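Student: Line by line, the protein sequences are chains A and B.
Using this note's numbering, read the first sequence as starting at 97 and increasing by one per residue.
Using this note's numbering, read the second sequence as starting at 181 and increasing by one per residue.
Note that beta-carbon positions come from the ideal geometry of N, C-alpha and C, so glycine has one too.
Note that the structure is predicted; figures quoted are calculated from it, not measured.
Okay, here's the structure, questions in a sec.
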Amino acid sequence: MTVRPAARARLAVPLRLMASLLAMALLPLLAAPASARTTAGSVSTPGQDAAARLLQRAAEAEAAVSYSGTQYLTAWSPVGSVSSVVHIQHDPSVGTVATVVPSASGAGGEVVTGGAESLQLGPVDSRALSLLLAHYELRVAGPVSCVGRDATEVEARRTGAAQVAARFWVDDMTGLVLRREVFSDAGALLRASVFADLEIDPSTSLSAAQASPVAGTLLDAAARGAMELEGYASPATLPGGLDRFDTRRGEDDGRAVVHATYSDGLSTLSLFSENGRLGTMAGDWSRHNWGDAVVWMHSQAPLQITWQNHGMVYTVVTDGSASQVKQVVAALPHAGPPQRSWWSRLHDGVKRLGSWLNPFD
Amino acid sequence: MSDHLGELATALVDGQLGHGDRERALAHLTRCPDCRTQVDSQRGLQNRLRALGEPVVPAGLTDRLLAMPTGPMGSTPLLAPGEPPQPATFRAGAPGRASRRADRTRPAAGRPVGRSRRRRAVMVGGSSVLLGLGLLVVGATSPAQPALVNPDTPRYVVEHVSTSTEVPLGDPGMTAVVSVSRQR
């Protein structure tokens, strides 16, 4: 087919228009910078990368910067709220001394936690930050002033949610977190803390004798596997994005107790397992039905939940939300007392009869 | 609580005290060395008993049980494996019915008698069934349940607080407040 010159001109105009529109649509994609993929496979943005770098710096600051200061803080849970003023002395090589100021609600006290050596830790672990990136969308909210210092505000939102999950105010000079707020899934404030005053590299230093070691012995993979074969719970992950950090073994009245620590990057959960069955859960405990699980909740913060299953007793202690703990309980074993077969009863009867007939028993 | 724990020491070691009683018992131990000694010795005894392991059923138990007198079912004990039958005794009597009666009740020496053998088999089988049922009953009442546990949550909170500090971006002030409030 031959196109005449006039028709050719009329045809070129729509083609040029279409090409222009196509170029305009493709231009943003062509100009977008290369983005890194997170461990979850989602594509991060430059803003998220900047926020992640700020939080990485904040994590490293706790392991590198000595400081002392006064914090105001409040925590809310299903069983009540706690508000306090705390004086903190922190030396990464020794540990932290936190002195809770007496108030109308309590007598106060001092808590000493060990540094890296007593906790038997290695370098700063980036797993918590990886979890934050995997389950939360980070963004830099902007420059702010906090405690008279220049800082940058970082927001974390659960992926696909409109609610803010946490806010961090990161000191521009040291990277320390000057202020933090953590929210529940429903947007309710779970805990908030802010420094009223802060001194970097204070003249007074902590003595090594003040820090007491953490109870229990760290378990390696082989030891953890051996305990799990006996029924002690220490799964690699729990619902709600909780990743296991470590597992320790301790004792209570001669019984082995396994303590597994979990975090989703914002909240921490401890899972204790011990052999036995629950005794009388009266006094400070109240019974609740969570789905097909019967659990007992303690009346004091932090959130403490205990339940049993087939000769094992599980206890959770967490600063997270009750909805997160419900998911954990549902995922872990939670049956009634063990059912004994006729063969086990016969076997027990033979043993007992044998003990009657044995003159040396 | 009296001057000393007394029987509560055993309940404390066995983990059978309620939360409130346990707290009071532990508080008493902090100021009573005699009770501390008692609790320590009981705990040591418990640990040694646990180390002994499960009792072993003696060999030949079943055979010895079957050899025990059967009581109302007969005046003679059941035969043990390999044990020869007792010599039979005969009463002189008229042949016929008496003989047949003797045949039924008096086994002749050296000759196997079907009815007495069947009777013994029935007695052995019945005794075994009764023995099995008895063992089931005894086993059903045998306490093979796990020990009672009252989770030591004040200590768990302290341990939770301590390990929370190892998680980056943790809040040491918040963990201290939680720990102190739980100790009140």
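How far does the alpha helix (DSSP H) with A:Ser51 in it reach, from first residue to last?
Tutor: What is shown of chain A runs 97 to 457, which leaves residue 51 of chain A out entirely.
Student: Is the distance from the Cβ of A:Gln185 to the Cβ of A:Phe291 below 8 Å?
Tutor: Position 89 of the first sequence, counting from 1, holds the residue named residue 185 of chain A. Position 195 of the first sequence, counting from 1, holds the residue named residue 291 of chain A. No, the Cβ-Cβ distance between A:Gln185 and A:Phe291 is not below 8 Å.
Student: Give the DSSP bridge partners of A:Gly346, in chain order.
Tutor: Sequence index remark: in the first sequence, residue 346 of chain A carries index 250 (1-based). DSSP output for A:Gly346 lists A:Val353 as bridge partner(s).
Student: With DSSP as the reference, label B:Glu328 as helix, strand or coil.
Tutor: In the second sequence, the residue the question calls residue 328 of chain B occupies position 148. The identity of residue 328 of chain B in the sequence shown is Leu, whereas the question assumes Glu. Three-state DSSP puts B:Leu328 in a strand.
Student: Buried or exposed: which applies to B:Asn330, given that a residue is buried once 16 or more other Cβ atoms fall within 10 Å of its Cβ?
Tutor: Against the second sequence, residue 330 of chain B aligns to sequence position 150. Result: buried.
Student: Please name the residue in A:Ala252, A:Thr170, A:Ala146 whose C-alpha comes closest to that of A:Ser488.
Tutor: Only positions 97 to 457 of chain A appear in the structure, and residue 488 of chain A is not among them; the question remains open.
Student: Mapping the DSSP letters down to three states, classify A:Val391 as helix, strand or coil.
Tutor: As a working mapping, residue 391 of chain A is identified with position 295 in the first sequence. Looking at A:Val391 - three-state DSSP - the assignment turns out to be strand.
Student: Would the segment 411–427 of chain A count as touching the segment 180–194 of chain A if we require 3 or more Cβ pairs under 8 Å?
Tutor: no
Student: With 8 Å set as the bound, which would you pick, yes or no: does the beta-carbon of A:Ile184 sit closer than that to a beta-carbon of chain B?
Tutor: Residue mapping note: residue 184 of chain A aligns to position 88 of the first sequence, counting from 1. Yes - at least one Cβ of chain B is within 8 Å of the one on A:Ile184.
Student: With 16 other CB atoms within 10 Å as the buried threshold, where does A:Arg287 fall?
Tutor: Residue mapping note: residue 287 of chain A aligns to position 191 of the first sequence, counting from 1. A:Arg287 is buried by the Cβ-count criterion.
Student: Would B:Gln325 be called buried (16 or more neighbouring beta carbons within 10 Å of its own) or exposed?
Tutor: The count along the second sequence starts at 1 and reaches residue 325 of chain B at position 145. It is exposed - the Cβ of B:Gln325 has fewer than 16 other Cβ atoms within 10 Å.
Student: If I follow the unbroken alpha helix (DSSP H) through A:Gly321, where does it start and stop?
Tutor: If you number the first sequence from 1, residue 321 of chain A lands on position 225. A:Gly321 -> alpha helix (DSSP H) spans 317–325.
Student: Keeping to the same chain, check which residues put their C-beta closer than 6 Å to that of A:Val207; ignore five residues upstream and five downstream.
Tutor: Residue numbering aside, residue 207 of chain A sits at position 111 when the first sequence is read from its first letter. Hits under 6 Å: Ala194.
Student: Tell me whether A:Ala378 sits in a helix, a strand or coil according to DSSP, three-state version.
Tutor: Stepping through the first sequence from its first residue, residue 378 of chain A is reached at position 282. A:Ala378: coil per DSSP, three-state reduction.
Student: Does any residue of chain A have a CB that is nearer than 8 Å to the CB of B:Thr217?
Tutor: On the second sequence, residue 217 of chain B is found 37 positions in, with the first residue counted as 1. It does not; no Cβ of chain A falls within 8 Å.
Student: Determine whether the Cβ of A:His483 lies closer than 8 Å to any Cβ atom of chain B.
Tutor: Given a span of 97 to 457 for chain A in the structure shown, any question on residue 483 of chain A remains unanswerable.
Student: Kindly indicate if chain A contains any beta-carbon less than 8 Å away from that of B:His208.
Tutor: For this step, residue 208 of chain B is matched to residue 28 along the second sequence. Chain A contact via Cβ: absent.
Student: Spell out the partners DSSP gives A:Leu225 in its beta bridges.
Tutor: As a position in the first sequence, residue 225 of chain A is number 129, starting the count at 1. Bridge partners of A:Leu225: none, in fact.
Student: Since B:Met303 meets chain A, which of its residues come closer than 8 Å, beta carbon to beta carbon?
Tutor: Taking the first residue of the second sequence as 1, we reach residue 303 of chain B at position 123. Simply none; closest approach about 20 Å.
Student: Quick check: the Cα distance between A:Leu338 and B:Asp194, rounded to an integer number of angstroms?
Tutor: For this step, residue 338 of chain A is matched to residue 242 along the first sequence. For this step, residue 194 of chain B is matched to residue 14 along the second sequence. Cα-Cα distance, rounded: 34 Å.
Student: In three-state terms, what does DSSP make of B:Gln226?
Tutor: Numbered from 1 along the second sequence, position 46 holds the residue referred to as residue 226 of chain B. If DSSP states are grouped into helix, strand and coil, B:Gln226 belongs with the helices.
Student: Using a Cβ cut-off of 9 Å, which residues of the segment 327–344 of chain B contact any Cβ in chain A, in chain order?
Tutor: Those residues of the segment 327–344 of chain B that come within reach of chain A (Cβ to Cβ, closer than 9 Å) are Ala327, Leu328, Val329, Asn330, Pro331, Asp332, Thr333, Arg335, Tyr336, Val337, Val338, Glu339, His340, Val341, Ser342, Thr343, Ser344.
Student: Measure from the C-beta of A:Ala311 to each C-beta in chain B and report whether the shortest distance is under 8 Å.
Tutor: As a position in the first sequence, residue 311 of chain A is number 215, starting the count at 1. Yes, A:Ala311 lies at the interface with chain B (some Cβ there is under 8 Å from its Cβ).
Student: Thinking just about the alpha-carbon of each residue, which of A:Arg340, A:Leu374, A:Arg253, A:Val353 is nearest to the one in A:Thr313?
Tutor: The residue labelled residue 313 of chain A in the question sits at position 217 within the first sequence. Nearest C-alpha to A:Thr313: A:Val353.
Student: Identify whether A:Val370 lies in helix, strand or coil by the three-state DSSP scheme.
Tutor: Here the question's residue 370 of chain A lines up with position 274 in the first sequence. It is worth fixing the name first, because residue 370 of chain A is Glu in this sequence and not Val. Reduced to three states, the DSSP call for A:Glu370 is strand.
Student: Quick check: what's the CA-CA separation for A:Asp360 versus A:Ala230?
Tutor: For the purposes of this step, residue 360 of chain A is identified with residue 264 of the first sequence, where counting begins at 1. For the purposes of this step, residue 230 of chain A is identified with residue 134 of the first sequence, where counting begins at 1. If I take the Cα positions, the gap works out to 9 Å.
Student: Could you give the uninterrupted runs of the beta strand (DSSP E) lying entirely in the segment 132–207 of chain A, keeping only those of 3 residues or more?
Tutor: 163–173, 176–187, 191–196
Student: So with CB distances below 7 Å, who are the chain B contacts of A:Ser180?
Tutor: Within the first sequence, residue 180 of chain A is the residue found at index 84, counting from 1. Under the 7 Å cutoff, chain B gives Val357.
Student: Please determine, among B:Leu245, B:Arg204, B:Arg223, B:Ala327, the residue with the shortest C-alpha to C-alpha distance to A:Val446.
Tutor: Here residue 446 of chain A refers to the residue found at position 350 of the first sequence. Looking at the Cα atoms, B:Leu245 is the closest of the given residues.
Student: Can you find a CB in chain B that lies within less than 8 Å of the CB of A:Arg373?
Tutor: The count along the first sequence starts at 1 and reaches residue 373 of chain A at position 277. Output row for A:Arg373: interface = yes.
Student: Report the rounded CA-to-CA distance for A:Leu274 versus A:Leu325, giving the unit in angstroms.
Tutor: Taking the first residue of the first sequence as 1, we reach residue 274 of chain A at position 178. Taking the first residue of the first sequence as 1, we reach residue 325 of chain A at position 229. Between A:Leu274 and A:Leu325, the C-alpha separation is close to 44 Å.
Student: A:Phe368 CB to nearest chain B CB: under 8 Å?
Tutor: The residue labelled residue 368 of chain A in the question sits at position 272 within the first sequence. By this cut-off, A:Phe368 is an interface position.
Student: Please tell me whether B:Val360 has its Cβ less than 8 Å away from any Cβ of chain A.
Tutor: Position 180 of the second sequence holds residue 360 of chain B. Output row for B:Val360: interface = yes.
Student: Taking only three categories from DSSP, how would you classify B:Gly306?
Tutor: The residue labelled residue 306 of chain B in the question sits at position 126 within the second sequence. DSSP places B:Gly306 in helix when its eight states are reduced to three.
Student: Could you name the residues that DSSP lists as bridge partners for A:Val240?
Tutor: In the first sequence, the residue the question calls residue 240 of chain A occupies position 144. DSSP lists A:Ala247 as partners of A:Val240.
Student: Three-state secondary structure (DSSP) at A:Ala332?
Tutor: Looking up residue 332 of chain A in the first sequence gives position 236. The answer is coil: DSSP assigns A:Ala332 none of H, G, I, E or B.
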